[in-house]
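What follows is one structure encoded as structure tokens, with my remarks underneath.
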Amino acid sequence: MPSPQDWNRAGLPAWTYRSERLLSVEAERVFLNHWHVVGHLNDVREPGDWLSFDLLGERALVMRGKDGVVRAFHNTCRHRGSRLVEGESGQCRGALVCPFHAWVYDLEGQLKTPSQPDKFPELDSQGWGLKCLELEVWRGLLFLRFEPGPQPAVATLMARHEQELHPYPLESLQPTDGFYSSPVTPVNWKAMVDVDNECYHCPTAHPGLSDLYGRRYEEGPWIDGTHRIRGPFNASESRHEINRDYRELVDQHPEPFASLPQAWLYIGLFPVSVLVFYPESAGFYRSIPLDATTSVMTGATYRYDGESESMREARALSQQIDAAVMEEDKHVCELHFQATASRYWEQAILGDSEKALREHHDMLRALIPELNATREPGSFESDARGA
């Protein structure tokens with residue numbers, strides 16, 4: 079165990095990575111009442127276009143109405159609770175029809191009619207319409223949360239990054255290959271986020287990434303719910319062929335993209351969203367828990383409007399580099415997570431290179447004080463919904 083003078087460097091106890099009871103508390107205190115990036119306005123360009131987002135048993139639907147307004151709803155029929163749309167994205171022609179009993183909703187979420195309406199009392203179209211969720215748009219990107227929570231507006235959270243992100247043409251981002259999801263990974267979601275919050279492991283675990291930007295890596299602290307990581311390309315020539323080819327393509331980008339920094343920039347949004355900004359593309363990813371011991375990484379990549387051939391080819395290579403990094407992170411996540419099942423490994427001590435990881439843990443502790451306990455408590459003050 080850490081000595082008393084090392085408590086400010088202590089990571090979360092091992093039990094916190096395996097408790098289903100804790101995950102139910104995290105759902106209420108960490109996930110459902112915080113913002114999550116779910117897509118871009120250009121994913122739902124036309125009336126009836128929709129996106130879905132599932133999180134710990136809750137289901138969201140983001141859809142553009144006939145009036146042009148993009149709204150978020152619970153992806154749940156008001157009749158018997160059936161999922162209204164299946165899959166990650168799609169298009170409704172004129173109306174949304176429940177696949178179970180054919181209740182019909184308009185594209186603004188109001189009930190048009192139940193099937194066999196004579197079998198029901200008269201139902202108010204708005205009162206029996208789809209239940210709305212909070213949805214915010216920041217520079218074209220869509221964010222939602224299932225319940226009100228402690229975070230301010232997304233624009234407020236992102237305000238300190240506006241100047242750095244100003245050159246990136248985010249409002250006009252164009253979808254590429256749709257949404258992606260990693261294979262189910264046998265780790266707790268926190269193990270996945272832990273790796274994402276430090277690059278202390280990068281020289282060992284990510285030789286290719288270190289060859290691209292590892293020697294000039296910048297990592298800022300978590301401040302008011304956001305975190306900045308930036309990797310300017312190394313001054314020296316890359317040794318790995320894929321990195322050399324990628325950087326040669328970046329050098330060929332036309333203006334205004336040629337003026338974008340030759341760096342990979344990441345902005346984290348507590349608890350699990352990360353926005354990604356490259357010289358040729360942008361996107362996001364999220365670490366999503368399925369249960370206490372399995373998680374997935376989901377996200378999307380977008381091209382800049384006016385993409386050149388060099389940008390298209392660079393985007394393909396950067397996705398290859400990212401795929402290799404994801405596989406490397408999966409491996410080290412599993413190695414770490416396996417230790418949390420041992421009675422002999424109880425808690426980490428975190429160094430100066432893991433400061434952002436310590437800060438993320440501290441934010442979790444502030445929301446769930448029981449995380450300070452070295453053993454799982456018999457009960458959680460925040461067990462009950464709304465406690």
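In our numbering, the protein residues as written are 79 to 465. Think of the CB as a built atom: it goes at the ideal place given N, C-alpha and C, for glycine as much as any other residue. Note that the structure is predicted; figures quoted are calculated from it, not measured.
Taking C-beta to C-beta, are residue i and residue j nearer than 8 angstroms?
{"i": "residue 118", "j": "residue 251", "result": "yes"}
{"i": "residue 267", "j": "residue 350", "result": "yes"}
{"i": "residue 358", "j": "residue 318", "result": "no"}
{"i": "residue 105", "j": "residue 129", "result": "no"}
{"i": "residue 308", "j": "residue 338", "result": "no"}
{"i": "residue 352", "j": "residue 274", "result": "yes"}
{"i": "residue 152", "j": "residue 176", "result": "no"}
{"i": "residue 163", "j": "residue 185", "result": "no"}
{"i": "residue 369", "j": "residue 98", "result": "yes"}
{"i": "residue 458", "j": "residue 103", "result": "yes"}
{"i": "residue 435", "j": "residue 442", "result": "no"}
{"i": "residue 371", "j": "residue 96", "result": "yes"}
{"i": "residue 296", "j": "residue 431", "result": "no"}
{"i": "residue 131", "j": "residue 208", "result": "no"}
{"i": "residue 341", "j": "residue 291", "result": "yes"}
{"i": "residue 253", "j": "residue 121", "result": "yes"}
{"i": "residue 188", "j": "residue 303", "result": "no"}
{"i": "residue 259", "j": "residue 404", "result": "no"}
{"i": "residue 233", "j": "residue 410", "result": "no"}
Pull the bridge partners of residue i from the DSSP assignment, please.
{"i": "residue 216", "result": "219"}
{"i": "residue 380", "result": "253, 360"}
{"i": "residue 210", "result": "151"}
{"i": "residue 296", "result": "308"}
{"i": "residue 290", "result": "None, per the DSSP bridge assignment."}
{"i": "residue 259", "result": "376"}
{"i": "residue 94", "result": "DSSP lists no partner for residue 94."}
{"i": "residue 167", "result": "129"}
{"i": "residue 117", "result": "220"}
{"i": "residue 369", "result": "372"}
{"i": "residue 175", "result": "182"}
{"i": "residue 88", "result": "427"}
How is the beta strand (DSSP E) around residue i delimited, first residue to last?
{"i": "residue 236", "result": "Here residue 236 belongs to no beta strand (DSSP E), and DSSP marks it neither H nor E."}
{"i": "residue 324", "result": "Element bounds for residue 324: not the beta strand (DSSP E) but the alpha helix (DSSP H), 319-328."}
{"i": "residue 345", "result": "341-347"}
{"i": "residue 133", "result": "127-133"}
{"i": "residue 353", "result": "351-355"}
{"i": "residue 180", "result": "No beta strand (DSSP E) holds residue 180; DSSP gives it neither H nor E."}
{"i": "residue 188", "result": "First-last for residue 188: undefined, no H or E at that position."}
{"i": "residue 138", "result": "136-142"}
Go ahead and label residue i buried or exposed: buried means 16 or more other beta carbons lie within 10 angstroms of its beta carbon, across all protein chains shown.
{"i": "residue 376", "result": "buried"}
{"i": "residue 79", "result": "No answer about residue 79 holds up, because its pLDDT of 47 lies below 50 and its placement is not dependable."}
{"i": "residue 165", "result": "exposed"}
{"i": "residue 262", "result": "exposed"}
{"i": "residue 289", "result": "buried"}
{"i": "residue 456", "result": "exposed"}
{"i": "residue 446", "result": "buried"}
{"i": "residue 380", "result": "buried"}
{"i": "residue 240", "result": "exposed"}
{"i": "residue 389", "result": "buried"}
{"i": "residue 155", "result": "buried"}
{"i": "residue 423", "result": "exposed"}
{"i": "residue 406", "result": "buried"}
{"i": "residue 335", "result": "buried"}
{"i": "residue 256", "result": "exposed"}
{"i": "residue 305", "result": "buried"}
{"i": "residue 202", "result": "exposed"}
{"i": "residue 231", "result": "exposed"}
{"i": "residue 107", "result": "buried"}
{"i": "residue 198", "result": "exposed"}
{"i": "residue 299", "result": "exposed"}
{"i": "residue 421", "result": "exposed"}
I need the boundaries of the alpha helix (DSSP H) containing residue i, first residue and last residue.
{"i": "residue 444", "result": "433-445"}
{"i": "residue 268", "result": "267-274"}
{"i": "residue 283", "result": "280-283"}
{"i": "residue 102", "result": "98-104"}
{"i": "residue 449", "result": "Segment: none, residue 449 is in no alpha helix (DSSP H) and carries neither H nor E."}
{"i": "residue 49", "result": "What the structure shows of the chain is the stretch from 79 to 465, and residue 49 is not part of that stretch, so it cannot be assessed."}
Measure the beta-carbon distance from residue i to residue j and round it to whole angstroms, keeping in mind my assumption that it falls under 8 angstroms.
{"i": "residue 374", "j": "residue 362", "result": "About 14 angstroms; that fails the 8 angstroms criterion."}
{"i": "residue 466", "j": "residue 412", "result": "Because the chain in this structure spans residues 79 to 465, residue 466 falls outside the shown range and cannot be described."}
{"i": "residue 320", "j": "residue 399", "result": "6 angstroms"}
{"i": "residue 213", "j": "residue 220", "result": "6 angstroms"}
{"i": "residue 316", "j": "residue 322", "result": "5 angstroms"}
{"i": "residue 88", "j": "residue 418", "result": "Wrong, their Cβ atoms sit about 14 angstroms apart, outside the cutoff."}
{"i": "residue 395", "j": "residue 324", "result": "4 angstroms"}
{"i": "residue 281", "j": "residue 294", "result": "Wrong, their Cβ atoms sit about 13 angstroms apart, outside the cutoff."}
Sorry if obvious, but does the Cβ on residue i come closer than 7 angstroms to a heavy atom of the ligand FMN?
{"i": "residue 117", "result": "Among the ligands in the structure shown, none appear at all, so the ligand FMN cannot be discussed."}
Using a beta-carbon distance below 8 angstroms, is residue i in contact with chain B?
{"i": "residue 292", "result": "Included in the structure is just one protein chain, with no chain B present."}
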